[in-house]
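Number 127 in my numbering belongs to position 141 of the sequence shown; there are no gaps in the numbering.
Even for Gly, the Cβ is constructed at its ideal location relative to N, Cα and C.
All values derive from a computational prediction rather than experimental measurement.
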Amino acid sequence: MLQTAYTLYPWLLDLSKPKDGLFRAGLSFVMVILAISLWHLWFVKKSKKIVAQLPPGPRGLPIVGYLPFLGTDNLHLSFTELAATYGPIFKLWLGNKLCVVISSPELAKEVVRDHDVTFSERDPPIAAQVASFGCNDIAFDSYSNPRWKNKRKVLATELLTNARLNACYGLRREQVMNGLKDVYENVGKPIDIGKWTYLVALNVSISMILGGELPGEKGAAIEGNLKENSSESMVLLGKPNVSDIFPAIARFDIQGIERGMRKINQQFNRLLESVIEVAIDKEKDKKRSEQKLGFLELLLHLEGNNNEDNASPLTMDEVKGLLV
């Protein structure tokens, strides 16, 4: 822009004069400020058009929105205070993301039950995209994706049926009893109930996925690594990521969350490949009842199996995504 102005109007700048350097710097500064001001006016005008039919909420600041005023601890308390001011439903900008917060049972019912399809589309966090093998699960895949409906059908009619869950009752009971045994063995010592509950739930999930414990020392090592990777993934999934709020800088991965999740995902993928090999060997055992199959074996049976009940067979990434 400046170069064009100097070409059309050479009298603006004569490089032979010593004061032209200062003049050029000042003119550049004015042009930058003018450009930022115009962008801000355009952004505010566009925002007003977007939020015309949205609920009230705090104004916030340009670019960062209301982020500086939320703090880092007890976010739910900050939202409670805002709800007391703006009502049970309000909007606020978190960086470049426009968010709507609801804080009443009646509105929650409207959103998650009566109008669930309307609110089903959302931007998945970057960490979740990586962890779910490219949103190949139920939670973060797009509702408009036909594959999502196929995966939901698999969960509803194959994995989470009453018969399947009843068949896994013994596995769940075994892991809970193992957890209680650990408590009895540590009588008189302090126990972190939250950590204990998490480990029992994790053991139950892994046992149901695998259809029991893996045999041998190698199996024990694989299960231990699965638990460790699952715990590390939960930490990164629950960590706020600036790249989710400012998509324009996501490529830089400032906090390293995406890199960390990709590293964990690679390890998790190798472990899954090892477990899948064991599951394939189990699947060759024709004497095993279908009701005794673990979730992984059942998904592998559906993967590539094209029939009337499963017109769209699962891909391997979808199998892994559903297990995650």
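Residue pairing by DSSP places G51 opposite L47, L80 in a beta bridge. Of the candidates S260, V86, N251, N251 places its Cα closest to the Cα of G307. One Cα belongs to V221, the other to E96, and the distance between them is close to 31 Å. Beta-bridge pairing by DSSP links L93 to no other residue. Pairing N189 with N211 gives a Cβ-Cβ distance that is not under 8 Å. In the DSSP assignment, L188 falls within the unbroken alpha helix (DSSP H) covering 179 to 196.
S128 is classed as exposed because its beta carbon has fewer than 16 other beta carbons within 10 Å across all chains shown. Between P54 and K77, the C-beta spacing is not below 8 Å. Straight-line spacing of the CA atoms in V18 and L27 works out to 14 Å.
In this structure, DSSP gives L285 a helical state, which the three-state scheme calls helix. Under the DSSP assignment, G165 falls in the alpha helix (DSSP H) whose first and last residues are 155 to 171. As DSSP reads the structure, V86 sits in a beta bridge with K77.
T66: member of the alpha helix (DSSP H) spanning 61 to 72, first to last residue. Just measuring C-alpha positions, the residue of A117, F105, D109, I49 sitting nearest G246 is A117. The continuous stretches of alpha helix (DSSP H) do not include D239, and DSSP gives it neither H nor E. Nearest to V261 by C-alpha distance, out of S106, A207, L84, is A207. Contact between P74 and L93 holds, since their C-beta atoms are separated by about 6 Å, short of 8 Å. In the three-state scheme derived from DSSP, where H, G and I count as helix and E and B as strand, L146 is classed as coil. Shown here for S216: same chain residues with a beta carbon closer than 7 Å to its own, the five before and five after excluded, namely L188 in chain order.
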